[in-house]
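As given, the protein sequences belong to chains P and C, one line each in that order. Just so we're aligned: 101 in my numbering is position 100 of the first sequence, and the numbers increase by one with no gaps anywhere. Just so we're aligned: 48 in my numbering is position 32 of the second sequence, and the numbers increase by one with no gaps anywhere. Ideal placement from N, C-alpha and C gives every residue a C-beta, glycine not left out.
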Amino acid sequence: MIYLDNAATTYPKPRPVIDAVTRALRVYGANPGRSGYSMSIATSEEVYRCRTAAAGFFNAPGPECVAFTVNCTNAVNYVLKGLLKPGDHAVVSSLEHNAVMRPLDALREKGVTFTKAEVFPGDNDSTVDSFRKAINGRTKLIICTHASNVWGIRLPVERIAALAHEYGIRMAVDCAQSAGVLPIDINGSGIDYLCAAGHKGLYGPMGTGMLIAPDGGSLATVIEGGTGTQSALSSQPVTMPDRMESGTQNVPGIAGLRAGIEFVKARGIKNINRHEMEIIRYMYDEMSKMKYIRLYTRQPQPEYYVPVLSFNVGSIPSETAGRLFAEKGIAVRAGLHCAPEAHRFMGTQENGAVRVAPSVFTGIGEAKQFLFALGRIARDNH
Amino acid sequence: MGKYFAVGSITNALKGRDILSGKGIHSYIERTPQGMPGGGCGYSIYVPGDFQTAEKVLDSAGLTGGRKEGNRR
């Protein structure tokens, strides 16, 4: 199989990640943060090592700012539902994933409003201006994707964060497609809430994510429960990370996530980005010469795109194209990608599109095989 | 005889231990003993040696805001 669905989750995982998960199942079998015997403390240390690794990777003030979640969507929910109250207003971009839009839709029932700021690919000044115009007197939060999971379009989140703070507004970023592919510096960027998937660009197992927030303790909680401390209190602890981590943690997943972060650090984000962008740009260039292939963006430039590319094949429905690729042993994702807003942005909300995304393990040979298959599918169906 | 510093969460305890270690102060992480003022269901850093310096270090790291001290029994 040629796997090009890395925007959904990266595959394969690096060997150290697999080894870390296996080792955790064998060695770190106690519940962390609950007891004082050696295996419990050792398991707690393993979890803490991942917190420290993540805090260093994203330049957060300290490991206590890192709360583990089951995925990026959960982290986004914690921010939206922990911060926004009836009467509040939020600003989002016109490219958001349902991880942002569905909780906001649910919050709308409770009197929260939001405005979509138009994105101008390749024109960050206009994008920032669009966000500025969307702010009103009740805006409490700007939340946006760092990069579109459909079109790869990057948003200038550092500039948007500066804009938010100019108005005393908090800034949250959905880094599902950017963590591990773009450098992210919480201290330097002004991001108040960073929501990340552990299983995409960080090469951790599925079932891992993070909410990294220097002031996460001020969020109202969405889930309350046992945290291993202050059990006599009927209320949730106020300090991070415990406040956001009720119940037993996914220790094997967290161990794997740490190995993934170390893998990305060792390879270097710049090297990973360069490699993947070369693959995407090669694909784009070849596809732009092919008959029947519909591309929707300009040639991806690293300053404006991450390595994600979506297209259509003539009149073939995108899901049919996806099936045809699968029959040829090529894994892609077709349809709306849980991001109908991104498709409305590009006018593809009826048919969706076919998406490809390489990983650090994707070679140029696989890209060529994909292009060959694409050519066959296009010719055979027109 | 050393002292316990109750710091609440295991994350605080590990962070505190690492900070102390960086200052050359050896410490252990233990469950906060019951019977300690404000103790029970949380973690403490036990410092067998120079606990006065340890206290200052942990204070400046913001880890002893709700400090409850106790002696090992």
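Cβ neighbour criterion (16 or more within 10 Å) applied to residue i
| i | result |
| --- | --- |
| H272/P | Here residue 272/P turns out to be Asn, not His, going by the sequence shown. When all chains shown are included, N272/P counts as exposed. |
| M172/P | buried |
| E97/P | buried |
| Q178/P | buried |
| I185/P | buried |
| R33/C | buried |
| G257/P | buried |
| K14/P | buried |
| F115/P | buried |
| F373/P | exposed |
| Y168/P | exposed |
| G229/P | buried |
| I365/P | exposed |
| Y59/C | buried |
| A233/P | exposed |
| Q26/P | Reading off the sequence shown, one finds Leu at residue 26/P, where the question assumed Gln. The residue is exposed, with fewer than 16 neighbouring Cβ atoms inside 10 Å. |
| N352/P | buried |
| N188/P | exposed |
| A107/P | exposed |
| E385/P | It is not possible to answer for residue 385/P, since the shown part of chain P is limited to 2 through 383. |
| P62/P | exposed |
| Y38/P | exposed |
Selection from the options that minimises the alpha carbon distance to residue i
| i | options | result |
| --- | --- | --- |
| N99/P | S190/P, V18/P, P359/P and A343/P | A343/P |
| S190/P | E159/P, R35/P, M278/P and G112/P | E159/P |
| G254/P | R52/P, Y4/P, S39/P and D6/P | R52/P |
| V28/P | E46/P, P13/P, A340/P and P15/P | E46/P |
| L296/P | A107/P, P303/P, M284/P and G199/P | M284/P |
| A358/P | F326/P, P308/P and F371/P | P308/P |
| N251/P | G199/P, F312/P, A148/P and T298/P | G199/P |
| F59/P | G83/P, F346/P, L195/P and R109/P | L195/P |
| S51/C | S76/C, M17/C and A22/C | Just to set this straight, residue 51/C is Gly in the shown sequence, not Ser. The residue with the shortest Cα to Cα distance from G51/C is A22/C. |
For residue i, the three-state DSSP class (helix, strand or coil)
| i | result |
| --- | --- |
| G83/P | helix |
| G210/P | strand |
| D106/P | helix |
| V355/P | strand |
| A9/P | coil |
| G399/P | Any question about residue 399/P goes unanswered here, given that chain P covers just 2 to 383. |
| V333/P | coil |
| T234/P | Before going further, note that residue 234/P is Leu rather than Thr in the sequence given. L234/P: coil per DSSP, three-state reduction. |
| F362/P | coil |
| N32/P | coil |
| D286/P | helix |
| S94/P | strand |
| R380/P | helix |
| C73/P | helix |
Whether residue i touches residue j by CB criterion (8 Å)
| i | j | result |
| --- | --- | --- |
| D89/P | R155/P | no |
| Y385/P | V223/P | A question about residue 385/P goes unanswered here, because the residues of chain P that appear run from 2 up to 383. |
| S94/P | C145/P | yes |
| A260/P | V18/P | yes |
| N125/P | P104/P | no |
| A54/P | E263/P | yes |
Minimum Cβ-Cβ distance from residue i to chain A less than 8 Å
| i | result |
| --- | --- |
| S76/C | This model lacks chain A altogether; the protein chains it does include are P and C. |
- Task: Closer than 9 Å, Cβ to Cβ, to anything on chain P: give me those residues from the segment 27 to 43 of chain C, in chain order.
- Result: From the segment 27 to 43 of chain C, only T27, N28, A29, L30, K31 and D34 have a Cβ closer than 9 Å to chain P.
- Query: Listed in chain order, which residues of the segment 222 to 240 of chain P have Cβ atoms closer than 8 Å to some Cβ of chain C?
  - Reply: So the list reads T228, G229, T230, Q231, S232, A233, P238 and T240, given in the order they occur along the chain.
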